[in-house]
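Sequential numbering from 45 applies to the sequence shown in our numbering. Glycine included, every Cβ here is placed at the ideal spot set by N, Cα and C.
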Amino acid sequence: MSEITPLTVASGEFYPGQSGVVELVAGQLPSGSPVSIKAHVFRSYKPGPTLLFLAGVHGDEINGVEILRRGLKQKLFDKLVAGTAVVVPLLNVYGFDNFRRDVPDGKDVNRSFPGSATGSLASRVAYGLSKNLLAHCDLAVDFHTGGRGVFNFPQIRYSPDDEGALRAAEQFAPPVLLAARAPVKSLRRSALKSLGLSVLTYEGGENLRYDGRSIAEGMAGIRRLLEAREMLPPASGADERQPIRITNSSWVRAGRAGLFQWTKRSGYPVRKGEPIGTIFDPHGVRPNKRILAPRNGFIIGHNNAALVGQGDALFHIGY
């Protein structure tokens, strides 16, 4: 009989059929308190792929945290019939507690990969994730939202030169699939380059604000992905949706500062020359500035801020 090898995650060992929670200590705050990250591990008796579901890389992006919290609360991952799921609902604990995107040193964890054991706190968090979790996985899904005041229509972003990520994105089947290169030193770009690991970036909603549809789409996508990988039994009457496929995108920016109101928002197609928003002079002296769609496309993100500065991003149009 062949020896059964446990899956080692940080300080925990998990044999087939075992589940549990482990903590990864990634660094220390100025107060001396450790920065500890909880990882929930669910391992089926039957062999299969290992998938990582991760949220809260940016501490102020809470929709992803809620998606994974609900998945854990509803015992979605306890029902695995094959493979392993590792769930990290909150990576950037400090940013979450302080309503911030970054960590105490002001650095962005998602611009610090693959990280270093002796670097900044952001770099140490990235290193701990890379070493203890990413190295054991076959696929990762990283949940995000738009930045400050920016709403992103539910979408999966994947690296255009990664066929494995494209297949996984199709299995997740969000409303929009966006082929886009990931930023330098981001989780998605670093994992593919250093580990050959496909990472999907889910975007839905805006920071510090719940969005019901984005949360529901994220949860449904997880289930579809697990079913497609034969890690969950297939649901009866599963929907066969066809996502909108986008290979290019660009931002429409404010030509001047003022009060901003959109008249068309994310989730809708636009035609070139169509009015999609207006910038008003707060003194009521200058004429209104209409914002026109520069091309045919589909709005995948928009700015919800009432006040905008010259050059601020207003609409993200995919085509």
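How about residue i and residue j: do their beta carbons lie closer than 7 Å?
i	j	result
residue 246	residue 187	yes
residue 345	residue 324	no
residue 66	residue 83	yes
residue 109	residue 133	yes
residue 2	residue 343	With the chain covering only 45 through 363, there is no way to say anything about residue 2.
residue 248	residue 347	no
residue 204	residue 226	no
residue 362	residue 341	yes
residue 127	residue 275	yes
residue 200	residue 213	yes
residue 198	residue 258	yes
residue 234	residue 319	no
residue 99	residue 112	yes
residue 397	residue 206	Nothing can be reported for residue 397, as the shown portion of the chain is limited to 45 through 363.
residue 178	residue 239	yes
residue 168	residue 71	yes
residue 96	residue 53	no
residue 104	residue 252	yes
residue 85	residue 58	yes
residue 149	residue 164	yes
Select from the options the residue whose C-alpha is nearest the C-alpha of residue i.
i	options	result
residue 220	289, 123, 98	289
residue 241	215, 308, 94	94
residue 124	92, 117, 162, 298	92
residue 358	309, 86, 330, 332	309
residue 352	339, 305, 330, 176	305
residue 291	264, 279, 202	202
residue 195	146, 162, 154, 256	256
residue 332	300, 277, 349	300
residue 216	173, 284, 164	284
residue 122	277, 77, 286	277
residue 295	330, 339, 279	339
residue 76	172, 211, 286, 138	138
residue 117	350, 263, 287, 330	263
residue 287	279, 349, 211	211
Using the beta-carbon count (16 or more within 10 Å), is residue i buried or exposed?
i	result
residue 143	exposed
residue 45	Caution is warranted here: a pLDDT of 44 is assigned to residue 45, below 50, making its placement in the model unreliable, and the coordinate value is therefore given only provisionally. Exposed.
residue 136	buried
residue 374	Since the first and last residues shown for the chain are 45 and 363, residue 374 lies out of range.
residue 315	exposed
residue 102	buried
residue 115	buried
residue 218	buried
residue 307	exposed
residue 209	buried
residue 266	buried
residue 81	buried
residue 34	The structure shown does not extend to residue 34, since the chain is modelled only from 45 through 363, so no value can be given for it.
residue 330	exposed
residue 170	buried
Quick test of your reading: residue i and residue j, contact by CB under 8 Å. State the CB separation rounded to the nearest angstrom.
i	j	result
residue 152	residue 166	6 Å
residue 297	residue 355	5 Å
residue 229	residue 156	6 Å
residue 190	residue 250	4 Å
residue 311	residue 337	About 14 Å separates the two Cβ atoms, so there is no contact after all.
residue 56	residue 88	Residue 56 to residue 88, Cβ: 16 Å. No contact.
What residue does the beta strand (DSSP E) around residue i start on, and which one ends it?
i	result
residue 304	302-306
residue 82	78-87
residue 130	128-132
residue 179	Element bounds for residue 179: n/a, residue is neither H nor E.
residue 333	333-336
residue 288	288-290
residue 221	220-223
residue 236	Taken as a continuous stretch (DSSP letters only), residue 236 belongs to no beta strand (DSSP E), being part of the alpha helix (DSSP H) at 231-239.
residue 246	242-250
residue 57	56-58
For the alpha helix (DSSP H) that contains residue i, what are its first and last residues?
i	result
residue 110	106-117
residue 215	207-216
residue 25	Coverage of the chain is limited to positions 45 through 363, which leaves residue 25 absent and any answer about it impossible.
residue 270	256-272
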